[in-house]
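J.: Attaching a single structure in structure tokens format; questions to follow.
Protein chains: 2
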Amino acid sequence: MSQPRRILIVGGVAGGASAATRARRLNEHADIVIFEKDDYVSFANCGLPYHIGGEIKDRSKLLVATPQSLFARYRLDVRVRTEVLSIDRQNKTISVVNHNTKVESTERYDQLILAPGASPIVPDAHGIGSNNVLSLRNVADTDRIKKQVDAMSSQGAQGPPPQQAVVVGGGFIGLEMAEQLADRGLAVTLVERNPQVLPLMDFEMAAMLHEELQAHDVKLVFGDGLVGFETTPTDTSQSDSTETATAAVLASGQTLKADLFILGIGVRPNVALAQQAHLDLGATGGITVNEHLQTNDPNIYAVGDAVEYVYRPTETAMRIALAGPANRAGRIAGEHAASDAANIPMTAVLGTSVVRVFGLTAGLTGLSANTAKRFGVNVASVTIVANHHVGYYPGAKPITLKLTYDPDTQRVLGAQAIGAAGVDKRLDVIATLIQLGGTLEQLAGLDLCYAPPFGSAKDPIHMAAFTALNAVHGLAKFLDADADLSGMQILDVRTAAEIARGMLAGAIHIPVDDLRDQLDKLAPEKPTVVVCASGLRGYVASRVLMQNGFTDVADLSGGMMMRRRAKPNETLV
Amino acid sequence: MSQPRRILIVGGVAGGASAATRARRLNEHADIVIFEKDDYVSFANCGLPYHIGGEIKDRSKLLVATPQSLFARYRLDVRVRTEVLSIDRQNKTISVVNHNTKVESTERYDQLILAPGASPIVPDAHGIGSNNVLSLRNVADTDRIKKQVDAMSSQGAQGPPPQQAVVVGGGFIGLEMAEQLADRGLAVTLVERNPQVLPLMDFEMAAMLHEELQAHDVKLVFGDGLVGFETTPTDTSQSDSTETATAAVLASGQTLKADLFILGIGVRPNVALAQQAHLDLGATGGITVNEHLQTNDPNIYAVGDAVEYVYRPTETAMRIALAGPANRAGRIAGEHAASDAANIPMTAVLGTSVVRVFGLTAGLTGLSANTAKRFGVNVASVTIVANHHVGYYPGAKPITLKLTYDPDTQRVLGAQAIGAAGVDKRLDVIATLIQLGGTLEQLAGLDLCYAPPFGSAKDPIHMAAFTALNAVHGLAKFLDADADLSGMQILDVRTAAEIARGMLAGAIHIPVDDLRDQLDKLAPEKPTVVVCASGLRGYVASRVLMQNGFTDVADLSGGMMMRRRAKPNETLV
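In order, the protein sequence lines correspond to chains A and B. Going left to right, the first sequence walks through residues 1 to 573 as the working numbering numbers them. Going left to right, the second sequence walks through residues 1001 to 1573 as the working numbering numbers them.
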């Protein structure tokens, strides 16, 4: 009883250090040990691409905490290069090995916190072990990639044509790496098995990123997967690998020659230790935990990318490998393990995430139409385009905001946003509303900051809520950007100058301001869709039609801007 | 019965145009007329300072809608320079005068929407009518001020010493004008009757703006009010005023010589028409309305700066002269007046507001400690300082965030934030949570965007929530920045280098990392306050003390950074 509580933590990154420091604050006299199998107990994993790209110049900035700093401030006993091999739940011990000394030992615990994280998925394919086929997950990976990129980009502007890089995977890491490698002067090709980047987003939203990538000379290969590499033998005196890859081979048979290949095709949770200890795993393969982050063994906690959190939109458990939830979970687990105090529970997670791709920011929270379909959730959605601050103040940039909601309860379920500025703010506001169970009406009534440099009296968030409420109240009907318009009367209300750049086949052109005087050009009894650039004028026009005897009128959500993205091959006249 | 509904709107700005366009969308066949006594039916009133300052170069950008554009798109009948003189509720008519033709007429209404706005308060003082003593509320004011500023600043860098401007009032308009005039090269003095700018904020928060203003050579005169002007006769062939002010005379007797004087001392609601029609006014002098913006006459609505909204933190009606609520109210009134459809109600207002002052952004939502005291609401508060995105990514800027909450229910009641970036985002998120009745625990659990350029896995919002929850759970106790520390054992846990720049008198210095080894330097039975730079290390240290037999330990909230602002005259050793 006089022995202090002993809290052992497996893994420093992905919530481990967060758990340890919180445990210390709650329990000054506990014996707290972190075991980390790699060299670094804590590092800025989200910052790694930006060190490779040169934005974060100083490598030491990636090392946010060291064993020394954690001992000095928190009296944490940090053991790096020390791997936990197994858990003995009966005796409440773990066996560990020190990779420097090769010495194995057994350590007693009262509470054990697992923060094993996840590892990059590396397919079993020819050439995968080549010295220039690399994943990015830790500092060692970063050093390895950066060394190659530095050598490649040092050839300079007067040198030979830029060296080639292939990035496999269009998720967050893939996009960040594509951007950073292009910024370093490499010729980058991005390969993604799906027909779009960020498959959680809706296609026409992701299409805006495709344009941005192409505008920065990143080549895109969609709908094709990696099957292996063509290789050539390596001078092993120069390298720890026997092969160098010369080209990526795709399922279609296409080969992509390059000098560097980055794999960003996802992660798998590190659950071997949990499995060995017979801890429960969930349906998505992560460790099952309760709201205190306890596994089915109440003395063993698990946090970070290896566990399943409750996903708010479906209220089911799933893996969500994001840093925010990992940090919050670590803190909660550390607090609970170290104390018998009343604790705050882990809240459900929305999967709020954001990525910068050159001049654009893109992100999402909660459900997209894509993920709603996958999870079998019935949603309606609207898309608006509005400036991030008032248009009359210099520097206004459009935000495209797609809102997803439950058409029955009017609860907001998700948002996707893309633009050059202010995207993260809108996502965070909507994420907050969703997490508190808010409705469209509450979204429309939000009292947000406004001064010309920061927003508008009617923020894009309000505009999206107003638009959705118009649909809910029957004042408007919206068709998705990719809707089948065949057989419909198509009314295009843009100006003549806009029309000159192309109009949907068969559309009737009447500028919105002339509509009231030219209603006789249209057939009121026909199902009608109104089209403009972004949807704003279309809505004005549809209200005119609906109040002039037109019985079935809809707007094309997001207008021609989103239509072109949703159906890029549609013929215009 | 076959006659269309007739909706008359008094005033185009401050919600009037918003009401009119919404009314049209709901009712295509209504007869909708806007009467505007000034020259412009709608203009960017929040943009006026930035046109004077030259950021918005093109004056036409201020005119967001014109009678022509409103007719073309919405078939609105806009009559500028036409003033409404009286309302006859019995006969449902108004009498109007056209200031061009001087013709008076009577107009029938079915629904009447009042959007009369508010007018600058102009004290009855000697010299107040001088040609260089000006308020800023409309386009004519803007033209007048800009003409003088253009003349003054055209003297250039090689010319005589900068001409002087005095801005009276440290509210939003006063701050924006001080910034813009300084940017134009004028020597600006800001006069405010209170001891701080933005009197709704807490003093130590506003003090950060004082530093920013002084760093940009704006002179500050606090606790002194305007009583009049010294004047000199004017060449009336050059001016429409007989006098030119040469100095502002303050209550203290101090005189401030200057060439231009801007009054920004608040607004009073334009309620004469409402009073004449015997519409109810509320306790704060604004027109009383219900959630549909109806006055006590259900056929007369009122919106904008002349009405009282429900203020969420107190659930009482008060005037809140902000553009966001005015626009939303206009939209709701227009919808209700034009239709018999189910409508969304006006939600309570938080007073969320933001201002840029040179390199800083400052804003607030809900209650500050100051306003809580004024309204008799019991609140607790915490202050944290955290970077707007991860520190390891270039360009991180600290945000100072003060959170106000109900210590009994743990509901969040308000936030104030100041920093160089990301301030509006944090305020909007917290405003959203407050509007949905959220608690500290919900704030701590928010799932927000994170990537290095946009935030941190633990956002400043989370840090503030964690800190407040520590207080709620008894893990920490916080003293306000201006607390009386006399008689307390003061422990300063900063480094020796930090201490060298000054320490509170009588403080004991032990760096946080050495504390556990030097506890014997302290008396555990004494009430103890722990001090560091911003509060972060102080909290770590206080946890050490609380778990080592110290019975009464508190942290100084916001550390020495906020202490110096709260008590600038306190002697350091």
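Here a beta-carbon is modelled for each residue, glycine too, at the ideal position from N, C-alpha and C.
Cα-Cα, which of B:A1125, B:N1270, B:E1176 and B:I1145 is closest to L1226 of chain B?
T.: B:A1125
J.: As an exercise, report each continuous alpha helix (DSSP H) stretch of at least 4 residues that is fully enclosed by the stretch 1020 to 1067 of chain B, in chain order.
T.: 1048 to 1052
J.: Which class does K567 of chain A belong to by DSSP, given the choice of helix, strand or coil?
T.: Reduced to three states, the DSSP call for K567 of chain A is coil.
J.: Which of the three DSSP states is assigned to M1 of chain A in this structure?
T.: Any reading at M1 of chain A is ruled out, since the residue's pLDDT is 42, under 50, leaving its predicted position unreliable.
J.: Since A1507 of chain B and D1492 of chain B are thought to touch, with beta carbons under 8 Å apart, how far apart are those beta carbons, to the nearest angstrom?
T.: 4 Å
J.: In whole angstroms, give me the CA-to-CA distance for E204 of chain A and G359 of chain A.
T.: 18 Å
J.: Return yes when the Cβ of G1324 of chain B is within less than 7 Å of the Cβ of Y450 of chain A, no when it is not.
T.: yes
J.: Verify the CB distance criterion: does V1354 of chain B have a CB-CB separation below 7 Å to chain D?
T.: Among the protein chains in the structure shown, which are A and B, there is no chain D.
J.: Give a yes or no on whether the C-beta atoms belonging to S18 of chain A and G129 of chain A are separated by under 7 Å.
T.: no
J.: Is R1563 of chain B near L1556 of chain B, with beta carbons less than 7 Å apart?
T.: Yes, they are a contact pair.
J.: Which runs of the beta strand (DSSP E) fall wholly inside the stretch 369 to 457 of chain A and span at least 3 residues, in chain order?
T.: 380 to 387, 398 to 405 and 412 to 419
J.: State the start and end residues of the unbroken alpha helix (DSSP H) segment that holds Q585 of chain A.
T.: For residue 585 of chain A there is no data in the structure shown, the boundaries of chain A being 1 and 573.
J.: Do Y109 of chain A and R24 of chain A come within 7 Å of each other at the CB atom, strictly closer than that value?
T.: Cβ atoms of R24 of chain A and Y109 of chain A: not closer than 7 Å.
J.: Anything in chain A within Cβ reach of G1403 of chain B, meaning under 9 Å, just list it in chain order.
T.: Note that residue 1403 of chain B corresponds to Leu in the displayed sequence, not to Gly. Within chain A, no residue comes near L1403 of chain B; the closest Cβ sits about 14 Å away, beyond 9 Å.
J.: Label R501 of chain A either buried or exposed according to how many other C-beta atoms from any shown protein chain fall within 10 Å of its C-beta, with 16 as the threshold for buried.
T.: R501 of chain A comes out exposed.
J.: Of the residues A:T234, A:T288 and A:V355, which one's Cα is nearest the Cα of N132 of chain A?
T.: A:T234
J.: Give me the subset of the stretch 313 to 333 of chain A whose CB atoms are less than 8 Å from a CB atom of chain B, sorted by chain position.
T.: L322, A323, G324, P325, A326, N327, R328 and R331
J.: Which residues of the stretch 1444 to 1463 of chain B have a Cβ closer than 9 Å to any Cβ of chain A? Give them in chain order.
T.: Within the stretch 1444 to 1463 of chain B, the residues whose Cβ lies closer than 9 Å to any Cβ of chain A are, in chain order, A1444, G1445, L1446, D1447, L1448, C1449, Y1450, A1451, P1452, P1453, F1454, G1455, S1456, A1457, K1458, D1459, I1461 and H1462.
J.: Return the residue from the list B:R1022, B:H1278 and B:I1320 that minimises the CA-CA distance to S1339 of chain B.
T.: B:R1022
J.: When DSSP labels each residue in this structure, what does D480 of chain A get in the three-state scheme?
T.: coil
J.: Would you call M1001 of chain B buried or exposed, if buried means 16 or more other Cβ atoms sit within 10 Å of its Cβ?
T.: Here M1001 of chain B scores only 42 on pLDDT, less than 50, and its place in the model should not be relied on; the value that follows carries that caveat. It counts as exposed.
J.: Starting from T1467 of chain B, trace the alpha helix (DSSP H) in both directions and tell me its first and last residue.
T.: P1460 to V1472
J.: Return helix, strand or coil for N194 of chain A, following the three-state DSSP convention.
T.: Of the three classes helix, strand and coil, the one that applies to N194 of chain A here is coil, per DSSP.
J.: Specify the secondary structure class of S1018 of chain B as computed by DSSP and reduced to three states.
T.: In the three-state scheme derived from DSSP, where H, G and I count as helix and E and B as strand, S1018 of chain B is classed as helix.
J.: My guess is that G228 of chain A and V197 of chain A are in contact by the Cβ rule of under 8 Å, so how many angstroms apart are they, rounded?
T.: The C-beta separation of G228 of chain A from V197 of chain A comes to about 23 Å, leaving the pair out of contact by the 8 Å criterion.
J.: Any heavy atom of the ligand ZN inside 6 Å of the beta-carbon of V472 of chain A?
T.: The ligand content of the structure shown is nil, which means the ligand ZN is not present either.
J.: L1367 of chain B to P1313 of chain B, Cα distance in whole Å?
T.: 7 Å
J.: From A1072 of chain B to H1099 of chain B, what does the alpha carbon distance come to, in whole angstroms?
T.: 24 Å
J.: List, in order along the chain, the chain A residues whose C-beta lies closer than 8 Å to that of C1046 of chain B?
T.: V390, Y450, A451, P452 and A457
J.: For S1486 of chain B, which of B:V1307, B:K1526 and B:A1468 has the nearest alpha-carbon?
T.: B:K1526
J.: Do V1139 of chain B and Y1301 of chain B have their C-beta atoms within less than 7 Å of each other?
T.: no
J.: Here's the rule: buried if 16 or more other CB atoms are within 10 angstroms of the residue's CB, otherwise exposed. What is T528 of chain A?
T.: buried
J.: Nearest-angstrom Cα distance between M318 of chain A and L281 of chain A?
T.: 10 Å
J.: Got a sec? Which residues, its chain only, sit under 6 Å from T232 of chain A by beta carbon, not counting five neighbours each side?
T.: T244 and T246
J.: Hey, how far is the Cα of T288 of chain A from the Cα of L114 of chain A?
T.: 12 Å
J.: Just the C-alpha distance for L279 of chain A and D297 of chain A, rounded to the nearest angstrom, thanks.
T.: 7 Å
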